[in-house]
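Numbering (mature numbering (1 follows the signal peptide of the UniProt record, and there is no 0)), first residue to last: -25 to -1, 1 to 363. Yeah, the Cβ is synthetic: ideal placement off N, Cα and C, and Gly gets one too. Single-structure report; data block below.
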Amino acid sequence: MHRRFFLRASAALVGGVALGGTVSAGCDSADSASTDNDPAPGGDDTAASDGRRWVMPDEGEPHQRTWMAFAADEHIWGRKLVAEVQQNLAAVATAIARFEPVSMLVRADDLDRARQLVAGSNVELVTAELDDLWIRDTGPVFVRAADGPAGPGAVDFNFNGWGDKQEHARDAKVAEFVAARAGVPTVHTDLVLEGGGIEVDGEGTAIITESCVLNDNRNPGRSKPEVEAELARLLGVRKVIWLPGIAGHDITDGHTDFYARFAGPGVVVAALDNDPDSFDYDVTRRHLDILRGATDAQGRSLQVEVLAAPTTVREKFAADDFAAGYINFYVCNGAVIAPEFGDPVTDPATAATLARLFPGRQIVQVAIDGIAAGGGGIHCATQQQPAG
């Protein structure tokens, strides 16, 4: 169940480059798209000290759209993987677009390729300067006002390349760009974390890994109570279930969305790594013990469901960095978009479990071998914008 553990060019090699805002493909058809050179719309900026409080909805609530990023550089991914990664991103985007609109950021040099791959789908292409594709981490976390007349907002969690492990000068600007494009104010904080590092149930409970959010490469000197107080303001979190995670074994330092996900209030889907040689073997068992003994913000004991990692993947893509786990699924309007790895046992077992946990939603499994070979998954490559 490994995740990305590679470092390419350092952040110092990349200067700050402003993001563009040109719409390059229409929602109805990428082939018949018009070009809009107007600047991206935006709302009033929201300062961290204005006292406003926010709530992050559960991922399963209705979405206005999904955001993605079509970016796979050869110097990060390697020449052999780029084409496969692009095909995977398009496959995920077009699968989601059957259920809700998708806005995909894309570099100008990649526009023609992106248009070909998403032609005829409900995918909008928006030109932008990007370093990589992980918009769950680089993009904003969309929130709603907890009370009062204020509308939605988008939290910029100050992406720093997972603790300065990868170049990120362009990706550090993605959150504000997406917020402006969506027409909502940016909500500021001095907390540094990534969207993949936090999971919420929309009712005040969060699951967070200590290895990521309390890491000195993000929030040096921050205590749990300090982090919890800021997340209460930003996301409406009233209780945090802290998982230890494991730092230094992958570029994310153990993101929550590879370990545990909410399938609804009081229901958690957890990863179990059965490979005794994996660095996640012991920690996934410790996580299960913690989750089974935990209660949520409503005082409920958690119903914990397990999704075991596959025991086999397609040989062409098998590598140490391959993210062979099912927890990194994505919930959209009317569907759950989940990976499949070619395992004849765990692929259908995962589909059956997700169908039971998400009644009324279609379970759509997509091969993402290129993305997984880079240590990520479907959830890492998507970010929801709630309806309203």
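Exercise. What does DSSP give as the partner residues of MET79 in its beta bridges?
Worked result: MET79 is bridged by DSSP to MET43 and LEU100.
For this session: May I ask you to verify whether the segment 299 to 318 touches the segment 334 to 341, counting CB pairs closer than 8 Å and requiring at least 3?
Result: The count of Cβ pairs closer than 8 Å, one atom from the segment 299 to 318 and one from the segment 334 to 341, reaches three, so the stretches are in contact.
For this session: Please go through the same chain and pick out, in chain order, the residues whose beta-carbon is closer than 8 Å to the beta-carbon of THR259, but skip the five residues on each side of it.
Result: For THR259, where only same-chain residues beyond five positions count, the Cβ hits under 8 Å are MET(-25), TYR234, ALA245, ALA246, LEU247 and ASP248.
Exercise. Does the pairing of the segment 147 to 164 with the segment 107 to 118 give three or more beta-carbon distances under 8 Å?
Worked result: Touching, yes.
For this session: Pull up the distance between the alpha-carbon of HIS230 and that of CYS355, whole angstroms please.
Result: So the alpha carbons of these two residues sit roughly 10 Å apart.
Problem set entry | Runs of alpha helix (DSSP H) wholly within the segment 148 to 201 (minimum 4 residues, chain order) | The DSSP assignment places 149 to 157 and 185 to 188 as complete runs of the alpha helix (DSSP H) inside the segment 148 to 201, in order along the chain (cut-off: 4 residues).
For this session: Starting from the Cα of LEU189, find the closest Cα among SER96, GLU178, ASP228 and GLY170 and give me that residue.
Result: Of SER96, GLU178, ASP228 and GLY170, the residue nearest in Cα terms is ASP228.
Exercise. Would you call VAL320 buried or exposed, if buried means 16 or more other Cβ atoms sit within 10 Å of its Cβ?
Worked result: Its Cβ having fewer than 16 others within 10 Å, VAL320 is exposed.
For this session: Quick one: grab the DSSP three-state call for PHE134.
Result: In this structure, DSSP gives PHE134 a state outside helix and strand, which the three-state scheme calls coil.
Exercise. Where does GLN358 land, buried or exposed, given buried means 16+ other C-beta within 10 angstroms?
Worked result: Buried.
Exercise. Should the segment 214 to 224 be called in touch with the segment 167 to 186, which here means at least 3 C-beta pairs below 8 Å?
Worked result: Touching, yes, given that three or more Cβ pairs across the two stretches are closer than 8 Å.
Exercise. Taking DSSP as the reference, what is the three-state secondary structure of GLU290?
Worked result: Residue state, collapsed to three classes: helix.
Problem set entry | Identity of the residue in PRO127, ASP106 and HIS38 nearest HIS50 by Cα | That would be ASP106, whose Cα lies nearest to the Cα of HIS50.
Problem set entry | Residues near ALA65 in its chain [Cβ-Cβ closer than 6 Å; skip 5 each side] | Excluding positions up to five away in sequence, the list reads LEU92 and VAL93.
For this session: Using beta-carbon positions only, say whether GLU174 and PHE237 come within less than 8 Å of one another.
Result: Yes. Within cutoff.
Exercise. Helix or strand or just coil, what does DSSP make of THR231?
Worked result: Annotated three-state conformation of THR231 is helix, per DSSP.
For this session: Provide the residue(s) that pair with GLN359 in DSSP beta bridges, ordered along the chain.
Result: Looking at the DSSP assignment, GLN359 forms a beta bridge with THR41.
Exercise. Taking C-beta to C-beta, are GLY345 and LEU56 nearer than 8 Å?
Worked result: Yes, the pair counts as a contact, with Cβ atoms nearer than the cut-off.
Exercise. What are the start and end residues of the alpha helix (DSSP H) that includes VAL60?
Worked result: The continuous alpha helix (DSSP H) containing VAL60 extends over residues 54 to 72.
Problem set entry | Limits of the beta strand (DSSP E) - the one that GLN278 falls within | That run of the beta strand (DSSP E) goes 278 to 283.
Exercise. Got a sec? Which residues, its chain only, sit under 6 Å from residue 368 by beta carbon, not counting five neighbours each side?
Worked result: Residue 368 is absent from the structure shown; the chain starts at -25 and stops at 363.
Exercise. Between LEU209, TRP42 and GLY171, which lies nearest to PRO76 when the distance is taken from Cα to Cα?
Worked result: Comparing Cα positions, the closest option is TRP42.
For this session: Would you identify the three-state DSSP class for GLU36, choosing helix, strand or coil?
Result: Reduced to three states, the DSSP call for GLU36 is coil.
Exercise. When the Cα atoms are used, what is the spatial distance from GLU151 to ASN133?
Worked result: GLU151 and ASN133: Cα-Cα distance of roughly 10 Å.
For this session: Compute the beta-carbon to beta-carbon distance between GLU104 and ARG145, rounded to the nearest angstrom, for a pair I have assumed lies under 8 Å.
Result: Going by Cβ atoms, the distance from GLU104 to ARG145 rounds to 5 Å, so yes, they are a contact pair.
Exercise. Would you call the CB atoms of LEU86 and ALA46 closer than 8 Å?
Worked result: No, Cβ-Cβ distance for LEU86 and ALA46 is not below 8 Å.
For this session: Tell me, please, which residues DSSP counts as bridged to GLU315.
Result: In the DSSP output, where bridge partners are listed per residue, GLU315 has ALA342.
Exercise. Taking Cβ to Cβ, would you say GLY352 is nearer than 8 Å to ALA298?
Worked result: In contact: GLY352 and ALA298 (Cβ atoms closer than 8 Å).
Problem set entry | Per DSSP, cross-strand counterpart(s) of PHE237 | Assignment of beta-bridge partners to PHE237 by DSSP yields VAL243.
Exercise. Quick one: what's residue 431 bridged to in DSSP?
Worked result: Residue 431 lies beyond the stretch modelled for the chain, which goes from -25 to 363, so this question has no answer here.
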